[in-house]
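> One structure follows; several queries about it will come next.
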Amino acid sequence: MFRLIISEKPSVSVSIAYCIGATEKISEGDTFYWQGNGYIVTNALGHLFGIGMPEDYGWGKWELETLPLIPQEFKLFPLKGYSGQIKLLKKLICRDDVTEIINACDAGREGECIFRYIYNYFGCKKPTKRFWISSLTDESIKQGMKNLLDGKEKDNLFAAGFTRAKADWILGMSLSRLYSIVNDDSHKVGRVKTPVLNIVVNRDEAIAAFTKRPFYKVVLENGAECENVFDTAEQAEAVRAKCSGKIAVVSSSKTEQKKENRPLLHSLTSLQQEANDVYGMTAADTLKSAQSLYEKKLLTYPRTDSSYLSDDMIPLVESIVKCLAGYDGERVQRLQEQGLIIDKRIIDNSKISDHHAIIPTNLIGRLDDEKLDDNEQRIVKLVINRFLCAVDKPYIYSETKYEFLVEDEIFKLTVKTPIEWGWKQYKLSEPAELDEDTDKVLSVLYSENATFTADNIEVKQGETKPPKHFTESTLLAVMENIDRLIDDKELKGFVKERGLGTPATRASIIEELIAAGYIERKKKQLVSTDYGRAFASSVPDNVKSAELTAHWEQVLSDIENGNGNADMLLDEIKNSVSEIIAFEKSRGNRVKVTRKVSVGTCPRCGSPVIENSKAFSCSAGRDKCGFFIYKQDKRIGRSYRADEIAELLSKGKVTLKNCTSSKGNKYSAVFSLEDTGKYVNLKMEEFVDGKKKRGA
């Protein structure tokens with residue numbers, strides 16, 4: 045008899061199989077699994093099943109009359125491209141000698157859904173256990189196998205995940221179709237992505253509306269600034285003239301010793317922020333590299349929102365520091381000699397939910413940079429550095445605040461002098477905020493009531509600065525701390541810990557907005573496009589407001605804890621979506637939000653041919669003309685690009701490369717336009733080597 049273990053991805057199944065003695069690899073076609081010691085180990089490939097598309101529920105036509113899209117019952121459908129793995133899973137799950145199934149998918153909402161979708165799709169009734177760990181080291185895997193949870197303990201977690209999926213589907217599918225239909229262009233609406241778009245749009249509009257205003261400061265030779273800031277140069281010059289050459293009295297001098305505590309350990313979001321600040325990496329690239337390093341057993345689980353460790357991990361922290369001696373021996377030796385600081389700054393059981401902070405594993409001593417790509421090396425460096433900073437001493441400095449009285453004007457100066465650099469000597473990100481003040485080294489230290497002559501006084505001009513465009517780092521910070529944009533005190537509390545989106549989805553949200561054409565990257569900045577701003581302005585406030593996701597998280601958190609009502613949330617969403625659709629249907633003349641660009645002239649009627657989400661079609665419409673070419677052509681195993689259709693329309697022929705025959709062979713060929721009057725096809729004339737078509 046066997047226990048079947050299903051992990052989320054192949055690399056994890058290999059790690060688990062090795063640890064539990066399932067060392068026999070059995071291949072079946074392009075798939076394989078591991079067997080031995082009473083276990084069978086296999087894996088999903090991320091999500092293998094989903095709740096389908098509108099077409100799967102009979103809503104193939106994009107018509108207002110079909111909206112809202114609300115299935116009577118949500119069903120599971122296999123995702124394309126995974127038939128081999130699905131077939132293998134079915135065979136293993138249904139084996140008579142498999143008596144129990146262990147869910148070893150990632151510990152969290154999505155991981156739970158990935159497994160439950162598989163289990164439920166096959167109608168499995170076999171008992172389940174839950175494998176729940178945050179690190180893929182051998183030690184963690186063995187510990188996780190010793191402490192398996194009953195599968196039912198995570199029923200509420202799945203309920204929350206499945207409810208979220210259904211709610212997102214109803215809102216996203218219904219409103220995406222609605223705004224695509226009324227605008228005659230493809231649009232994407234989502235509970236998270238639309239509020240994020242609105243946040244970027246609001247920032248860009250604030251920048252555009254900002255008017256710079258000059259201001260003037262009067263500055264002593266030692267850098268002290270007059271406490272009054274002036275609107276005109278004349279006002280500042282009058283003060284300069286009044287004080288120049290006069291006696292300055294040190295009216296106040298206060299010195300304090302201060303400290304800047306060590307940074308918290310990395311969560312996924314903070315890691316993405318630092319990687320963007322230091323290396324300009326995108327959030328998506330950071331997650332990809334962190335996930336790869338997790339699978340290589342060098343880092344712990346990356347999709348975490350926690351910056352803390354549990355108290356039982358203190359010995360592990362000490363062990364990992366020792367393992368890092370080969371990475372930076374001098375630094376580790378210094379830490380060990382001064383003593384590691386392991387306190388509430390990094391150890392706090394109350395601040396850990398599913399996973400602890402991202403830290404190196406105790407295999408980090410085997411780190412071989414040559415086996416890592418550039419981004420992986422960068423992420424390893426950031427995580428190791430943050431880990432060592434977190435157990436280092438705080439940065440200690442002396443802060444002296446001076447006030448100088450010249451005539452009746454008060455000038456102020458703050459000087460910060462490092463005493464003990466502690467963790468800060470290893471800071472990798474932008475220069476410390478205090479560096480400006482640290483650079484103000486005084487040749488004379490002033491005592492109270494001392495005097496000097498105020499010579500060489502200057503007037504310095506500045507100007508008010510607009511808000512800054514978002515970078516991925518600053519946008520992630522807003523998404524994580526979305527409660528700051530919410531006025532409702534009750535809702536504010538429910539998103540304070542979760543934010544907008546999850547650590548695992550924030551990167552993909554940004555990429556989806558870019559792919560949709562709503563925002564764009566300009567070097568390190570994220571800026572909304574005209575198209576994105578126009579679309580955001582056309583969407584109701586309750587859809588693009590952060591309060592929407594805050595309310596959802598409130599209910600989903602309750603469901604996760606066993607106290608929420610899924611049906612109530614879904615009914616509320618159905619009603620809200622129905623109201624929005626009714627409003628849009630009742631609207632009269634509207635300005636369509638579209639970015640359609642003509643790719644050529646229709647050969648039938650002479651109207652522009654435009655690109656849609658699924659086809660290139662005549663702008664005169666199907667009723668008047670009906671000319672269209674589907675983007676995807678299964679006969680050649682690829683899609684048509686806009687530039688290729690443009691050439692076809694202008695020249696009547698086009699050469700298409702990287703075509704794939706029904707036998708899987710690659711080829712390039714010349715195609716011509718064939719219009720039967722009813723259908724439009726691309727007809728292959730010849731291969732690019734001149735051979736006539738004999739059947740690709």
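The numbering used here puts the first residue of the sequence shown at 45, with every later residue one more than the last.
Cβ atoms here follow ideal geometry from the backbone N, Cα and C, with glycine treated the same way.
1. Please classify R631 as buried or exposed, where buried requires at least 16 neighbouring CB atoms within 10 angstroms.
2. Just the C-alpha distance for P346 and S71, rounded to the nearest angstrom, thanks.
3. Between S178, L48, N709 and T207, which has its C-alpha nearest S601's C-alpha?
4. What three-state label does DSSP hand F254 in the structure shown?
5. Closer than 7 Å by C-beta to W176: which residues in its own chain qualify, once you throw out the five before and the five after it? Chain order, please.
6. Using the three-state DSSP reduction, which class does S651 fall into: helix, strand or coil?
7. Between the beta-carbon of G94 and the beta-carbon of L123, is there less than 8 Å?
8. Is it a yes or a no for the segment 421-438 touching the segment 266-283, going by three-plus beta-carbon pairs under 8 Å?
9. If I follow the unbroken beta strand (DSSP E) through M728, where does it start and stop?
10. Tell me whether F118 sits in a helix, a strand or coil according to DSSP, three-state version.
11. Compare the C-alpha of K261 against each of V273, A252 and E156 and name the closest.
12. Can the beta-carbon of K37 be found less than 8 Å from the beta-carbon of V142?
13. Compute the Euclidean distance between the alpha carbons of Y439 and L342, then round it to the nearest angstrom.
14. Run through DSSP, which three-state label would Y83 get?
15. Run through the DSSP bridge pairs and tell me what T497 is partnered with.
16. Count Cβ pairs between the segment 197-217 and the segment 603-618 that sit closer than 8 Å; are there 3 or more?
17. Determine the burial state of G234: buried for a count of at least 16 other Cβ atoms within 10 Å of its Cβ, exposed for fewer.
18. Buried or exposed: which applies to E256, given that a residue is buried once 16 or more other Cβ atoms fall within 10 Å of its Cβ?
19. In the structure shown, what three-state DSSP assignment does N702 receive?
20. Cα separation between D585 and I617?
21. How is the beta strand (DSSP E) around N147 delimited, first residue to last?
22. Excluding sequence positions up to five away, which residues of its chain have a Cβ less than 7 Å from the Cβ of Q421?
23. Rounded to the nearest angstrom, what separates A434 and F118 at their Cα positions?
24. Runs of 3 residues minimum, wholly inside the segment 545-575: which ones carry the beta strand (DSSP E) assignment?
25. Would you call the segment 230-244 in contact with the segment 509-526, where contact means no fewer than 3 C-beta pairs closer than 8 Å?
26. Evaluate N493 with the Cβ neighbour count: other Cβ atoms within 10 Å of its Cβ, from every protein chain shown; 16 or more gives buried, anything less gives exposed.
27. For the beta strand (DSSP E) that contains T172, what are its first and last residues?
28. Using DSSP bridges, identify the partner residues of Y101.
29. Mind checking which residues open and close the alpha helix (DSSP H) that includes L309?
30. Let me confirm a value: V4 is counted as buried when at least 16 other C-beta atoms fall within 10 Å, else exposed. Which label applies?
31. Run the CB neighbour count on G606, radius 10 Å, all protein chains shown included, and call it buried at 16 or more, exposed below.
32. Where does Q335 land, buried or exposed, given buried means 16+ other C-beta within 10 angstroms?
33. Return yes when the Cβ of T458 is within less than 8 Å of the Cβ of S179, no when it is not.
34. Measure how close the beta-carbons of Y562 and T549 come, nearest whole angstrom, since I'm counting them as under 8 Å.
35. Looking at the secondary structure, which residues open and close the beta strand (DSSP E) in which E265 lies?
36. Going by C-alpha to C-alpha distance, which of D140, S663 and Q116 sits closest to C646?
Let me spell this out:
1. Position 587 of the sequence shown, counted from the first residue, corresponds to residue 631. When all chains shown are included, R631 counts as exposed.
2. As a working note, residue 346 is residue 302 in the sequence shown. As a working note, residue 71 is residue 27 in the sequence shown. Taking the straight line joining both Cα atoms gives about 30 Å.
3. Within the sequence shown, residue 601 is the residue found at index 557, counting from 1. Of the candidates S178, L48, N709 and T207, the one whose C-alpha sits nearest the C-alpha of S601 is T207.
4. For the purposes of this step, residue 254 is taken as the residue at position 210 of the sequence shown. It is coil, neither helix nor strand.
5. Counting from one through the sequence shown, the residue named residue 176 turns up at place 132. Hits under 7 Å: A151, G188 and L193.
6. As a position in the sequence shown, residue 651 is number 607, starting the count at 1. In this structure, S651 counts as coil in the three-state DSSP scheme.
7. Start at 1 with the first residue of the sequence shown, and residue 94 comes out as number 50. Start at 1 with the first residue of the sequence shown, and residue 123 comes out as number 79. Their beta carbons are under 8 Å apart, which means G94 touches L123 by this criterion.
8. no
9. Position 684 of the sequence shown, counted from the start, is the residue given in the question as residue 728. M728 -> beta strand (DSSP E) spans V724 to F731.
10. By 1-based counting over the sequence shown, the position of residue 118 is 74. Note: F118 maps to coil in three-state DSSP.
11. Taking the first residue of the sequence shown as position 1, residue 261 is located at position 217. Of the listed residues, the one whose Cα sits closest to K261 is V273.
12. Residue coverage of the chain in this structure runs from 45 to 740, which leaves residue 37 outside it and unanswerable.
13. Within the sequence shown, numbered from 1, the residue matching residue 439 stands at position 395. Within the sequence shown, numbered from 1, the residue matching residue 342 stands at position 298. So the alpha carbons of these two residues sit roughly 29 Å apart.
14. Residue 83 sits at position 39 when you count from the first residue of the sequence shown. Strand, per DSSP.
15. Sequence index remark: in the sequence shown, residue 497 carries index 453 (1-based). Partner(s): I291.
16. yes
17. For the purposes of this step, residue 234 is taken as residue 190 along the sequence shown, with counting starting at 1. Its Cβ being crowded by 16 or more others within 10 Å, G234 is buried.
18. As a working note, residue 256 is residue 212 in the sequence shown. In the sequence on display, residue 256 carries Lys and not Glu. Per the 10 Å Cβ criterion, exposed.
19. Walking along the sequence shown from the start, residue 702 turns up at place 658. Note: N702 maps to strand in three-state DSSP.
20. As a first step, residue 585 must be located in the sequence shown, where it is residue number 541. As a first step, residue 617 must be located in the sequence shown, where it is residue number 573. One C-alpha to the other measures close to 15 Å.
21. Mapped onto the sequence shown, residue 147 falls at position 103. V142 to A148 is the extent of the beta strand (DSSP E) around N147.
22. Translated into positions along the sequence shown, residue 421 becomes position 377. Here the set comprises D413.
23. To locate residue 434, count along the sequence shown from 1; it is residue 390. To locate residue 118, count along the sequence shown from 1; it is residue 74. Those two C-alpha atoms are separated by around 46 Å.
24. 563-566 and 569-572
25. yes
26. The count along the sequence shown starts at 1 and reaches residue 493 at position 449. When all chains shown are included, N493 counts as exposed.
27. Position 128 of the sequence shown, counted from the first residue, corresponds to residue 172. Run containing T172: T172 to R174, per the beta strand (DSSP E) assignment.
28. One-based indexing of the sequence shown puts residue 101 at position 57. None; Y101 has no bridge partner.
29. Counting from one through the sequence shown, the residue named residue 309 turns up at place 265. From DSSP, L309 is part of no alpha helix (DSSP H); its letter is neither H nor E.
30. No answer is possible for residue 4: it lies beyond the span of the chain, which begins at 45 and ends at 740.
31. Translated into the one-based positions of the sequence shown, residue 606 becomes position 562. So G606 counts as exposed.
32. Against the sequence shown, residue 335 aligns to sequence position 291. Buried, by the Cβ-count rule.
33. Position 135 of the sequence shown, counting from 1, holds the residue named residue 179. Position 414 of the sequence shown, counting from 1, holds the residue named residue 458. No, the pair does not count as a contact, with Cβ atoms beyond the cut-off.
34. Locating residue 562 in the sequence shown gives position 518, where the first residue counts as 1. Locating residue 549 in the sequence shown gives position 505, where the first residue counts as 1. That pair is no contact at about 17 Å.
35. As a first step, residue 265 must be located in the sequence shown, where it is residue number 221. Taken as a continuous stretch (DSSP letters only), E265 belongs to no beta strand (DSSP E), as it is neither H nor E.
36. Locating residue 646 in the sequence shown gives position 602, counting from the first residue. Comparing Cα positions, the closest option is S663.
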